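Each residue of the sequence shown is one higher than the last, beginning at 36 in my numbering.
Here a beta-carbon is modelled for each residue, glycine too, at the ideal position from N, C-alpha and C.
Everything numeric in this text was worked out from a predicted model, so none of it was measured.
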Amino acid sequence: MSKYLGRLGRRGFLRAADLLVPGVAGFPRFSETPWITQIDRVMDFMTPEDRSGFVVLMGVFAYLPRVLLRSLLTAPVRAGLVAQIQIGVKGAVYALAFSDLTADESVRAFLSYDTYCGEQPREKSRALLAPGLPARAMAEARRAAPVLRALSVHERLAHVARLRAVIVRHRESIIDEIVRVTGKSRGDALMSEVFPVLDHLDFLRRHGERGLKPQAVPTPIALLGKKSRVEFEPMGVVLSITPWNYPFYQMVVPATTALVCGNAVISKGSEVTPLEALIQKLCVEARLPGGWWTCVAGGGETAEALIDLRPDKIFFIGSTATGRKIMARASANLIPVELELGGKDSMIVFGDVDVRRTVAGALWGAVTNTGQSCTSVERLLVQESIYPEFRAELLARAATLECGQDYGRMTTLAQWRVVKSQVTAAVAEGARVLSPSILAWDEWEKDLRIPPIVIENVSGEAALWQEETFGPVIALAAFRDESEAVELANDTRYGLSASVWSKDLARARRVGSALRVGNVSVNNVMLTEANHALPFGGIGESGMGRYKGFYGFQAFSSVKAWIEEGASRKIEAHWYPYTDEKLRLFDGLTRGLFGSASGRLSLVRFARYGLAIEGLAARLWARNDKHTQ
Ligand code: NAD
């Protein structure tokens, strides 16, 4: 209870606070939270006069008609009494809503509102678990799931179309926000986040209904008279846990696919790049009903709490180490998981390529998003015959890329340190840095910069060769022939993607087939992801499952098998009773169908035995009828 505000004042304050913090889809409005319990901490700071004025004002607010209250609190005024009232009330409400209550209980996490405004990127240690938030999100999603299930795909797509229009309308401010939380360049934010999201939503619009339509499948002759099909049903509640490198894209793409499949979605994006508030605002503007897509802020412990609430599917993008933990935790409740994990991708360049174009592709593939892509080019394997020429062109071009314009800073200090430590260790083991001329780590650390680093002679055991680097570092190596290229590229626990470059398409296809990866681009780089009709996913320590294209519809659906026939009196040949004669006829039918006789003869035999067994089955059951009467 407040030492300043009585029952009436409390009521007035909550009425005002609800107008200012009305809640967005999936998130509470002010009065649904315990924030008012902290009101004295705000009022302690007021002068006695202000405090008594505030108490009187809240008493008036308790009775003021809502429409008047709203205009008093939201009217655009710059000065005068109304402006003072607005500042005073908003100050109290927002202080409670947007600041930490206690060290371990954050209002920010409830609201998913990022209060950070400094220059340095936030680190994972800032992760906060709002008590009760995961359970609340799950309860809302559980309530929404049957509603979504009952809608046709066409109706779900209409909702997603509104979201698409809202994203197009707000693309500039979305890019601003992506750049603010990640530090990436505007070009990367537009070309690798906003554009592909819209392209993906367009894919859903064009192909969603076809992709989720029941599919007829063949019915074998032994099941003559029946029809078989596969149907795609919603799974229920999908939990999507995603990382910081493409935070907008990674939150929107799986969530919207899952929605179109008829699931309610809970997204837990990365605590390092909080975009929950932005996405919830887009959802509100697109009029997505509450609970359909709830974005929950927080770190690993929030994700763990959500997993323990038993979603019907877990979709995860992130590191291999976290993927392991998620799979282990999900196994306790046998929740299906899909894991899109790290990579150590190779680009294989044969001697017959156009060097200028291939170097341009290599640089983009390695440096886009400052190398913080799961499918970045990390090993650049170039055939001996063009190695010197290729290397010279690569170094010349790498020097022309500009930080800020072409690529941004690293998103996190932790990842910046991983890159530094891998490069430093490789150099200590004999690797040669070809570009830039000096490694100015101290200088770069100030703004988390790393320019493109080209390095050669990296040992096969070095972390830089074996582990995911996730930074703008190109480990350059020469190969003699096809088989050595494949051997070098396959020398990894990962298996996400690769590219093969050659004029000889037959050779490029041969090499691509020999690579243990989930995605191959020929004469281009990181391009499979750009076609939303293609599946995406890895093998080995790069994960399991495929989540885009037509496979994406299956990833978020429960696939149901159907077989149907009309009502009849027929007794099936394989039902009871079994008799020696029935077994003999069945054996004849088996030989007829699968034996050496070809085509028509096999059909004739099948028909002969089939009719005989059916007749027998009917007679046997009729005989049983008599015994049972
Ligand atoms: P991360 O594994 O540290 O975190 C990813 C997400 O998992 C975050 O939301 C985080 O809060 C959550 N998380 C952390 N601990 C958890 C736990 N114990 N249980 C449940 N969830 C937990 O990854 P990151 O550093 O944010 O992202 C970089 C990684 O993501 C890289 O390895 C990169 O290769 C990978 N990635 C993969 C793909 C792909 O499609 N294969 C795409 C992009 C990024």
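Boundaries of the alpha helix (DSSP H) around A498: 498-501. Rounded to whole angstroms, the separation of the alpha carbons of A52 and P63 is 12 Å. In the assembly as shown, A434 is an exposed residue. Its beta-carbon has fewer than 16 other beta-carbons within 10 Å. Membership of I301 in the beta strand (DSSP E) is indicated by the continuous run 299-303. In this structure W597 is exposed. Its beta-carbon is surrounded by fewer than 16 other beta-carbon atoms within 10 angstroms. In this structure, K617 lies near L651, with their beta-carbon atoms less than 7 Å apart. The three-state reading of DSSP puts V287 in helix, counting H, G and I together. Annotation for T357 indicates a beta carbon within 6 Å of some heavy atom of the ligand NAD. Around the beta carbon of M36, fewer than 16 other beta carbons sit within 10 angstroms, so the residue counts as exposed. Where T625 is concerned, the enclosing alpha helix (DSSP H) starts and stops at 615-629. Rounded to the nearest angstrom, the Cβ distance from A193 to I210 is 26 Å, too far for a contact under 8 Å. Inclusion of C409 in the 6 Å shell around the ligand NAD follows from its C-beta lying nearer than that to a non-hydrogen atom of the ligand.
The count of Cβ pairs closer than 8 Å, one atom from the stretch 571-583 and one from the stretch 419-435, stays below three, leaving the stretches out of contact.
Residue state for I598 is assigned as strand, using DSSP reduced to three classes. Non-local beta-carbon contacts of L376 in its own chain, meaning distances under 6 Å to residues more than five positions away in sequence, involve T355, G358, S577, G578 in chain order. A contact between stretches requires three or more CB pairs, one per stretch, nearer than 8 Å, and the stretch 542-550 fails this requirement with the stretch 399-409.
Not one heavy atom of the ligand NAD falls within 6 Å of the beta-carbon of P324.
Put simply, the backbone Cα of T563 is about 20 Å away from that of G222.
Counting only the Cα atoms, V90 lies some 20 Å from P69.
Sequence-distant partners of G406 (beyond 5 residues in either direction) whose C-beta falls short of 6 Å from its own C-beta, in its chain, are G506, P507.
Proximity of the beta carbon of A332 to the ligand NAD is not indicated: no heavy atom of the ligand is located closer than 6 Å.
For L274, the enclosing beta strand (DSSP E) covers residues 272-276. Taking the Cβ of N280 as the reference point, at least one heavy atom of the ligand NAD falls within a distance shorter than 6 Å. The C-beta of G575 has 16 or more other C-beta atoms within 10 Å across all chains shown, which makes the residue buried.
Taking 6 Å as the cut-off, the C-beta of L310 does not count as close to any heavy atom of the ligand NAD. The beta carbons of L92 and I120 sit about 7 Å from each other, so the pair counts as a contact at 8 Å.
Scanning Q285, T459, M270, G553 for the CA closest to the CA of F351 turns up Q285. Between V195 and L239, the gap from beta carbon to beta carbon is short of 7 Å. At a threshold of 6 Å, K360 counts as near the ligand NAD, since its beta carbon sits closer than that to one of the ligand's heavy atoms.
For a cut-off of 8 Å, the C-beta gap from L108 to V124 is around 6 Å, short enough to register as a contact.
With 16 or more other CB atoms across the displayed protein chains lying within 10 angstroms of its CB, D380 is buried. Around the beta carbon of W451, 16 or more other beta carbons lie within 10 angstroms, which makes this residue buried. Exclusion of E576 from the 6 Å shell around the ligand NAD follows from its C-beta lying no nearer than that to any non-hydrogen atom of the ligand. Between the C-alpha atoms of L247 and V188 there is a straight-line separation of about 8 Å. When the Cα atoms are used, H567 and S556 turn out to be separated by approximately 14 Å.
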